[in-house]
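Student:
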Amino acid sequence: MTISEKLNEAMNAQIGAEFAASIQYVAVSAYFAAEGLVRLAARFDQQANEERDHALKLIKYLLDTGGKVRIPAIPAPKCEFGSVAEAVEMALEQEKQVTRQINELMAIAVEDRDFAAQNLLQWFVAEQVEEVANMDNLLKVVRRAGEENLIYVESYLGDQASQVASGPGE
Ligand code: FEO
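Heads up, the working numbering is the position in the sequence shown plus 5, with the first residue counted as 1.
What follows is the structure in structure tokens.
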């Protein structure tokens, strides 16, 4: 076993947080789908899958380093929202919270002089910068459109999806 007990336990808690984020995003996606906002729903479905992948990445690391995998209980997600902006605000807060948690894990890895864990966590640090920025941007777009004009947000997300699909131009 090359991972400390303290970091092992903190990573198990983080695995729970990533699965909780995944389930929360499924709930947000369902809320958007019920409102007829299919592209917002698809965006959060995709995000739910990414969160699940984050949990699996941590599980694989624990297995590779001889740690113990103990997945904690996952709390029920919030399923009802007063508005689309409220749901995206909650998602942004969730990403900021995950960033703080990743920073705590990194602090333990530094204290442990566990360079392999630091290498893994550096990936998460960079990922969180991207996820907070993306969610912050989505919130700005939702607020700018306003609840009455969310169809513009759907159109915006459709344009983004087609740009990703076509890739960089020649
Ligand atoms: Fe895995 Fe969005 O944090």
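Ideal placement from N, C-alpha and C gives every residue a C-beta, glycine not left out.
Any idea what DSSP makes of A78, helix, strand or coil?
Tutor: Coil, per DSSP.
Student: Could you spell out the range, first to last residue, of the alpha helix (DSSP H) harbouring R118?
Tutor: Element bounds for R118: n/a, residue is neither H nor E.
Student: Where does G21 fall in DSSP's three states?
Tutor: Helix.
Student: State yes or no: is the C-beta of Q127 within less than 8 Å of the C-beta of V115?
Tutor: No, the Cβ-Cβ distance between Q127 and V115 is not below 8 Å.
Student: Measuring straight from C-alpha to C-alpha, what distance separates L97 and P77?
Tutor: Roughly 23 Å between the two C-alpha positions.
Student: Can the beta-carbon of E83 be found less than 8 Å from the beta-carbon of V137?
Tutor: The amino acid occupying residue 83 in the given sequence is Lys; Glu does not appear at that position. Going by C-beta atoms, K83 is not nearer than 8 Å to V137.
Student: Taking only three categories from DSSP, how would you classify F86?
Tutor: In this structure, F86 counts as coil in the three-state DSSP scheme.
Student: Does the distance from the C-beta atom of V93 to that of L42 stay below 8 Å?
Tutor: Contact flag unset, no.
Student: Using a threshold of 7 Å, is the CB atom of E23 nearer than that to any non-hydrogen atom of ligand 1?
Tutor: Yes, the beta carbon of E23 sits closer than 7 Å to at least one heavy atom of ligand 1.
Student: For S9, does the three-state DSSP call read helix, strand or coil?
Tutor: Coil.
Student: Assuming the contact rule is C-beta atoms closer than 8 Å, V103 and A22 should be a hit. Round their C-beta distance to whole Å, please.
Tutor: With a Cβ gap of about 6 Å, V103 and A22 count as contacting.
Student: Which residue's Cα is closest to the Cα of I8: G151, F120, F129?
Tutor: Per the Cα distances, F120.
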